[in-house]
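Visitor: So the sequences go chain by chain: A and B.
With the working numbering applied, the first sequence covers 108 to 321.
With the working numbering applied, the second sequence covers 108 to 321.
Every residue, glycine too, gets a C-beta built ideally from N, C-alpha and C.
2 protein chains.
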Amino acid sequence: MSAPPPLRKRRKEARPSELLAAALDLFVEKGYAATRLEDVAKQAGVSKGTLYLYYANKEALFKAVIQEGIVPVLAENELIAAQHTGSSFELLGKLLDNWWNKIGQTRLAGIPKLMVAEAGNFPDVAQFYYENVINRGRALVGTALERGMVSGEFRRSDVETTIDVIIAPILMLLIWRYSIGCFQEHEGDPEQYLRIHMNLLRQGLSKSTEESQV
Amino acid sequence: MSAPPPLRKRRKEARPSELLAAALDLFVEKGYAATRLEDVAKQAGVSKGTLYLYYANKEALFKAVIQEGIVPVLAENELIAAQHTGSSFELLGKLLDNWWNKIGQTRLAGIPKLMVAEAGNFPDVAQFYYENVINRGRALVGTALERGMVSGEFRRSDVETTIDVIIAPILMLLIWRYSIGCFQEHEGDPEQYLRIHMNLLRQGLSKSTEESQV
DNA sequence: TAATTTAATGACCCGAGAGTCATTAAATTA
DNA sequence: TAATTTAATGACTCTCGGGTCATTAAATTA
């Protein structure tokens, strides 16, 4: 019948990342506007006031969420591309693998859906995301494509547009999973999806020996 | 110096569609929660009170927006598929053309981005959208694929997954345009994008005569 | 163990926007 | 043209949630 002891632990170091993780989860699930900071705090095991000790306001929290873990993965892929020897198609495969392991299979996978949904309300964050994530990702794919065209491994086509067509199913896989995908009765196997995408690309990009160019 | 006359026209018939068009624009641009009904009303040339004469509340307006103009286009494409004679790849091209003309180039193009962003907050609308739009669209592509595999035009692969890989760049084109695409310095040509996608598919789906199956 | 510092709390304030309704006036009918 | 109907209005209420801050108590220092 007595009030339970409050027992508030002080963990200054751990709070920011825990708050970011909770915020990412809720932003992705409900969208920015529909997410209550009190719920973010609760999911991080903390009170609303504490959240404001670490982030000035809701928008600052949002920006921090977006900028969280993207740079290291991109740098890693840029290293992979620089060190690669072998066919250009194999390079595309390596990049996709690393992306899948470091982003697709982690909590970061929710970011594309979040960014798509909120780009209109946060132009500066969208700009940042475009320049530091999208553009660098596109450049990686573009380099692989051009290399393959020069070597004769790939047939020629407009590189900038082809980049977008190649990336689209990869982004869509994540966007789908965090939106309408929840309502699919029998959700598919992402690894098979990526495998089939790569199969289409191997044959579709190749310089065919008999088919006419159009 | 005199107050201008109020001049309120009564147009019971035209209001609902005008309100839906305004709501779609703003929902797509700002997201559901960040859209003010007063702004929707203003853009439709009407007062907030009038909006409530036609839609019970914000959620009802949202549902009406989603269900707006999708059924006729799908029915049209189902007819195209039923009447088609010719190669399966040509059928895919026809479906894509009609989709582009009737959805991609109209205001309806904003719906996929909106649905992706808000699926989590409106499970029943998402369910409806999945069953009545996504599933019927997938079925159309699936039929064309199976037909091509049976005839030997396409190589064999898991149909359900291949459908998703084919559809992804098409959906992504619209989602992109209404989100991060606004921040691209040099935005691409959608028709070229679709052409390159189809080129990749023609070669990628085909039963190649010399390459080994994997 | 007393004094000091600061992480953490949650009751509170306040503005924004969803939804209401008494009033106005355009159209229709008598 | 007077009476009636109803489309349209916008001032209003009320709830919800972002953001504040005086208070509490855990850790640290003297």
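Compute the Euclidean distance between the alpha carbons of A:Val-232 and A:Val-240, then round it to the nearest angstrom.
Guide: A straight line joining the alpha-carbon of A:Val-232 with that of A:Val-240 spans about 11 Å.
Visitor: So, does the CB of A:Leu-307 fall closer than 8 Å to a CB anywhere in chain B?
Guide: yes
Visitor: Just to make sure I have the definition right: I need the residues of chain A whose C-beta is within less than 9 Å of the C-beta of B:Asn-164. Which are they?
Guide: Those within 9 Å of B:Asn-164 in chain A number zero; the least Cβ separation is about 16 Å.
Visitor: Name, going along the chain, the residues of the region 125-136 of chain A whose beta-carbon falls closer than 9 Å to a beta-carbon of chain B.
Guide: From the region 125-136 of chain A, only Val-135, Glu-136 have a Cβ closer than 9 Å to chain B.
Visitor: Are at least three pairs of beta-carbons, each pair with one atom in the region 117-125 of chain B and one in the region 147-154 of chain B, less than 8 Å apart?
Guide: yes
Visitor: For B:Pro-219, count neighbouring C-beta atoms within 10 Å of its own C-beta (all shown protein chains included) and say buried if the count is 16 or more, exposed if not.
Guide: Around the beta-carbon of B:Pro-219, 16 or more other beta-carbon atoms lie within 10 Å, marking it buried.
Visitor: Using a Cβ-Cβ cut-off of less than 9 Å, list which residues of the region 267-280 of chain B approach chain A; keep chain order.
Guide: Glu-267, Thr-268, Thr-269, Asp-271, Val-272, Ile-273, Ile-274, Ala-275, Pro-276, Ile-277, Leu-278, Met-279, Leu-280
Visitor: Report yes or no: is there a C-beta of chain B within less than 8 Å of the C-beta of A:Asn-239?
Guide: no
Visitor: Work out the CA separation of A:Ala-275 and A:Arg-262 for me, nearest whole Å.
Guide: 20 Å
Visitor: With a cut-off of 8 Å on the beta carbons, I'd call B:Ile-287 and B:Tyr-236 a contact; round off their distance for me.
Guide: Not really, about 22 Å apart at Cβ, beyond 8 Å.
Visitor: Using a Cβ-Cβ cutoff of 8 Å, what residues of the region 188-216 of chain A are near chain B? List them in chain order.
Guide: none
Visitor: For B:Arg-117, is the classification buried or exposed, using 16 other Cβ atoms within 10 angstroms of its Cβ as the cut-off for buried?
Guide: The residue in question, B:Arg-117, is exposed, as its Cβ has fewer than 16 Cβ neighbours within 10 Å.
Visitor: For chain B, check one thing: does any of its Cβ atoms lie closer than 8 Å to the Cβ of A:Lys-220?
Guide: yes
Visitor: Looking only at its chain, what residues have a beta carbon closer than 6 Å to the beta carbon of B:Asn-228, apart from the 5 residues adjacent to it on each side?
Guide: If we look at B:Asn-228 and ignore the five residues flanking it on each side, it has no Cβ neighbours.
Visitor: So, with DSSP's three-state summary, where would you put B:Ser-315?
Guide: coil
Visitor: Which residue from B:Thr-192, B:Glu-183, B:Ala-189, B:Ala-130 puts its Cα closest to that of B:Tyr-162?
Guide: B:Ala-130
Visitor: Work out the CA separation of B:Arg-284 and B:Asp-132 for me, nearest whole Å.
Guide: 13 Å
Visitor: What are the partner residues of B:Phe-229, as DSSP defines its beta bridges?
Guide: Per DSSP, none; premise fails for B:Phe-229.
Visitor: Between the Cα of B:Arg-302 and the Cα atoms of B:Ala-167, B:Leu-199, B:Glu-175, which residue gives the shortest distance?
Guide: B:Leu-199
Visitor: B:Asn-184: buried (16+ other C-beta within 10 angstroms of its C-beta) or exposed?
Guide: buried
Visitor: Answer with buried or exposed for A:Thr-269, where buried requires no fewer than 16 other C-beta atoms within 10 angstroms of its C-beta.
Guide: buried
Visitor: Do B:Leu-221 and B:Phe-134 come within 8 Å of each other at the CB atom, strictly closer than that value?
Guide: yes
Visitor: Ordered along the chain, which non-local residues of its own chain (more than five positions away) have a Cβ less than 6 Å from that of B:Gly-249?
Guide: Val-266, Ile-270
Visitor: Under DSSP, the alpha helix (DSSP H) around A:Ser-124 begins and ends at which residues?
Guide: 122-137
Visitor: Check whether the Cβ of A:Val-246 lies closer than 8 Å to any Cβ atom in chain B.
Guide: The question names Val, yet the displayed sequence has Ala at residue 246 of chain A. It does not: the Cβ of A:Ala-246 has no partner Cβ on chain B nearer than 8 Å.
Visitor: Less than 8 Å between the beta carbons of B:Val-223 and A:Ala-216, yes or no?
Guide: no
Visitor: Would DSSP call B:Gln-320 helix, strand or coil?
Guide: The pLDDT assigned to B:Gln-320 is 42, lower than 50, so where the model puts this residue is not dependable, and the model offers no usable value.
Visitor: Among the candidates B:Met-256, B:Asn-242, B:Gly-259, whose CA atom is the shortest distance from the CA of A:Glu-292?
Guide: Closest option to A:Glu-292, judged by alpha-carbon separation, among B:Met-256, B:Asn-242, B:Gly-259: B:Asn-242.
Visitor: Using the Cβ count rule (16 or more neighbours within 10 Å means buried), how would you classify A:Gly-311?
Guide: buried
Visitor: Along the chain, where does the alpha helix (DSSP H) containing A:Gln-190 start, and where does it finish?
Guide: 177-190
Visitor: Please confirm whether A:Ala-140 and B:Ala-140 have their CB atoms less than 8 Å apart.
Guide: yes
Visitor: Can you tell me where the alpha helix (DSSP H) with A:Arg-245 in it begins and where it stops?
Guide: That run of the alpha helix (DSSP H) goes 242-258.
Visitor: So, is the C-beta of A:Gln-174 closer than 8 Å to a C-beta in chain B?
Guide: no
Visitor: A:Tyr-300 and A:Leu-280 - do their beta-carbons sit closer together than 8 Å?
Guide: yes
Visitor: Answer with yes or no whether the minimum CB distance from A:Ile-287 to chain B is below 8 Å.
Guide: yes
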